[in-house]
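4 is the number of the first residue of the sequence shown in the working numbering; add one for each residue after it.
So the structure is just underneath, and the comments pick up after that.
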Amino acid sequence: MSVAVRVELGPRSYDVAIGRGLIAEAGARIAPLLTRPRLAIVTDARVAGLHLRALQAGLSAAGIESEALALPEGEATKSWAELERAVEWLLEHKVERRDVVVAFGGGVIGDLAGFAAAILRRGVRFVQIPTTLLAQVDSSVGGKTGINSTHGKNLVGAFHQPALVLADIDVLGTLTPRDFLAGYGEVAKYGLLGDEGFFDWLERHGPALAAGDADLRVEAVRRSVQMKADIVTRDETEQGERALLNLGHTFCHALEAATGYSDRLLHGEGVAIGCALAFETSARLGLCAQEVPSRVRAHLRAMGMKVDLADIPGSLPDAEGLLALMAQDKKVQDGRLRFILAREIGQAFVADDVDLDVVRGVLSDALAQR
Numbered sequence: 004m005s006v007a008v009r010v011e012l013g014p015r016s017y018d019v020a021i022g023r024g025l026i027a028e029a030g031a032r033i034a035p036l037l038t039r040p041r042l043a044i045v046t047d048a049r050v051a052g053l054h055l056r057a058l059q060a061g062l063s064a065a066g067i068e069s070e071a072l073a074l075p076e077g078e079a080t081k082s083w084a085e086l087e088r089a090v091e092w093l094l095e096h097k098v099e100r101r102d103v104v105v106a107f108g109g110g111v112i113g114d115l116a117g118f119a120a121a122i123l124r125r126g127v128r129f130v131q132i133p134t135t136l137l138a139q140v141d142s143s144v145g146g147k148t149g150i151n152s153t154h155g156k157n158l159v160g161a162f163h164q165p166a167l168v169l170a171d172i173d174v175l176g177t178l179t180p181r182d183f184l185a186g187y188g189e190v191a192k193y194g195l196l197g198d199e200g201f202f203d204w205l206e207r208h209g210p211a212l213a214a215g216d217a218d219l220r221v222e223a224v225r226r227s228v229q230m231k232a233d234i235v236t237r238d239e240t241e242q243g244e245r246a247l248l249n250l251g252h253t254f255c256h257a258l259e260a261a262t263g264y265s266d267r268l269l270h271g272e273g274v275a276i277g278c279a280l281a282f283e284t285s286a287r288l289g290l291c292a293q294e295v296p297s298r299v300r301a302h303l304r305a306m307g308m309k310v311d312l313a314d315i316p317g318s319l320p321d322a323e324g325l326l327a328l329m330a331q332d333k334k335v336q337d338g339r340l341r342f343i344l345a346r347e348i349g350q351a352f353v354a355d356d357v358d359l360d361v362v363r364g365v366l367s368d369a370l371a372q373r
């Protein structure tokens, strides 16, 4: 049993299927996209060890041959070196323009394999089979692909929409609690940016969802994907409203850079901390009551998540150093930092005229708690 969310983008429209057992059904679901019964899979070593055999069995059941490349796991894989390795491997295996590449993994693999597909032969179709909660609710939907640079995160990439997304809820059961909660940071973000009713629902059902309730997980992924699909439909290449999806990300990307894109801070953990900092900044600017960031922090803390800079192990730059890292963010326009702020839970907006002294004060106070 699965549900589907349609991303309406004219000739680039596609479905996001969400449910249990979708990896076993992958062959039947992907077959209509193929002009010949073969495809190439890009994955990582951990996902390959856990799930590749099941995926290839599902493909074989539909008569589809497959070859797989397993890259190292981790954020460091989103690099020029691993992109080159993936592209050369796809060419070596004679992937043609009408073929399909499968991105089988979390956000790192989805971003890198999607970018490889975007530039291979000037554009090859690809299918996302996301294996983390974060990838299922965010990075697999919307067509953002890319790699990191020494100058910052996701600074090299392209918009390249998938032909299909298969979000199998069953694979979430193999995530570590930390990885699952990191993905939950992106789930909570959707309620925080545009749907207080969804945030209310998460406050009630978050603990059971984290504990493994499959029906709640399907619903959380469905509602998150539906919100993202609606926004992407209206603003595919982030000219306006889509920027709201970056709630917490200006802080997050600076923190990821400060921690060397290491496992000191997972992306979703950075998003959660970033959302808390964005709401604290909003309160100090007088946009919302102080009770609002307190409510945000209370829910994230109740879920057992990282919420403050004090929760990040190891050293961090001072406030000026973090602001300098923010200045490298790809959302900078005309030299001005853009923040996503909020007037209330579910009422986020884009601001590019934020008093940086206020942001500096928020960061300084947060650092002082370490």
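Quick reminder that beta carbons are idealized off the backbone N, C-alpha and C, glycines included.
C-alpha gap between residue i and residue j, whole angstroms
i, j, result
"GLU42", "LEU93", "Note on identity: in this sequence residue 42 is Leu, with Glu being the wrong assignment. If you take the alpha carbons of LEU42 and LEU93, they lie about 10 Å apart."
"VAL98", "ALA65", "19 Å"
"GLN164", "ALA261", "30 Å"
"ALA71", "THR46", "7 Å"
"LEU319", "GLY273", "13 Å"
"THR90", "LEU58", "Here residue 90 turns out to be Val, not Thr, going by the sequence shown. C-alpha separation (whole angstroms): 22 Å."
"LEU37", "LEU258", "41 Å"
"ASP173", "ILE26", "9 Å"
"GLU241", "ALA354", "15 Å"
"GLY289", "LEU366", "17 Å"
"TRP83", "GLY155", "13 Å"
"ARG341", "ALA330", "10 Å"
"GLY77", "GLY271", "13 Å"
"ARG23", "GLY176", "11 Å"
"SER227", "ARG9", "13 Å"
"ARG101", "LEU370", "52 Å"
"ILE276", "PHE254", "8 Å"
"LEU205", "LEU74", "34 Å"
"ILE343", "PRO40", "45 Å"
"PHE118", "ARG88", "13 Å"
"ALA223", "LEU136", "10 Å"
"LEU359", "SER5", "46 Å"
"ALA138", "ALA20", "13 Å"
"ASP380", "GLU28", "This structure leaves residue 380 out entirely; the chain is present only between 4 and 373."
"LEU269", "VAL310", "12 Å"
"SER69", "ARG225", "29 Å"
Buried versus exposed, by CB contacts within 10 Å (16 or more), residue i
i, result
"THR153", "exposed"
"PRO133", "buried"
"PRO296", "buried"
"ARG373", "exposed"
"GLN293", "exposed"
"SER265", "exposed"
"GLY61", "buried"
"ARG56", "exposed"
"GLY110", "buried"
"THR179", "exposed"
"SER142", "buried"
"ASP332", "buried"
"ALA301", "exposed"
"GLY113", "buried"
"ASP321", "exposed"
"ARG207", "exposed"
"GLY194", "buried"
"GLU85", "buried"
"GLY263", "exposed"
Element boundaries [beta strand (DSSP E), containing residue i]
i, result
"LEU72", "68-74"
"ARG100", "That residue, ARG100, is in no beta strand (DSSP E); it is neither H nor E in DSSP."
"SER5", "5-10"
"ALA351", "351-354"
Element boundaries [alpha helix (DSSP H), containing residue i]
i, result
"LEU344", "Unbroken run through LEU344 is the beta strand (DSSP E), 342-345; no alpha helix (DSSP H)."
"THR253", "252-261"
"VAL235", "217-237"
"PRO316", "Looking at the DSSP string, PRO316 is not in any alpha helix (DSSP H), and its letter there is neither H nor E."
"ARG284", "Strictly speaking, residue 284 in this sequence is Thr, with Arg absent from that position. Per DSSP, THR284 belongs to the alpha helix (DSSP H) from 270-287."
"GLU206", "199-214"
"ALA327", "322-329"
"SER367", "359-371"
"ARG300", "294-305"
**Request:** Only counting runs of 4 or more residues, tell me where the alpha helix (DSSP H) segments fall wholly within the segment 160-196, in order along the chain.
**Result:** none
**Asked** Which runs of the beta strand (DSSP E) fall wholly inside the segment 111-157 and span at least 3 residues, in chain order?
**Response** 128-133 and 147-152
**Item:** Stretch-stretch touch, CB-based, cutoff 8 Å, three pairs: the segment 212-228 with the segment 145-159
**Value:** no
**Item:** At least 3 beta-carbon pairs within less than 8 Å: the segment 274-292 vs the segment 86-102
**Value:** no
**Message:** With three or more beta-carbon pairs closer than 8 Å as the criterion, would you say the segment 28-36 touches the segment 159-169?
**Reply:** yes
**Asked** Which ranges would you report for the beta strand (DSSP E) in the segment 13-85 if only whole runs of at least 3 residues count?
**Response** 17-22, 41-47 and 68-74
**Asked** Looking at C-beta atoms only, is the number of pairs between the segment 124-133 and the segment 237-254 that lie closer than 8 Å three or more?
**Response** no
**Message:** Does the structure place the segment 207-216 close enough to the segment 116-124 that three or more beta carbon pairs sit under 8 Å?
**Reply:** no
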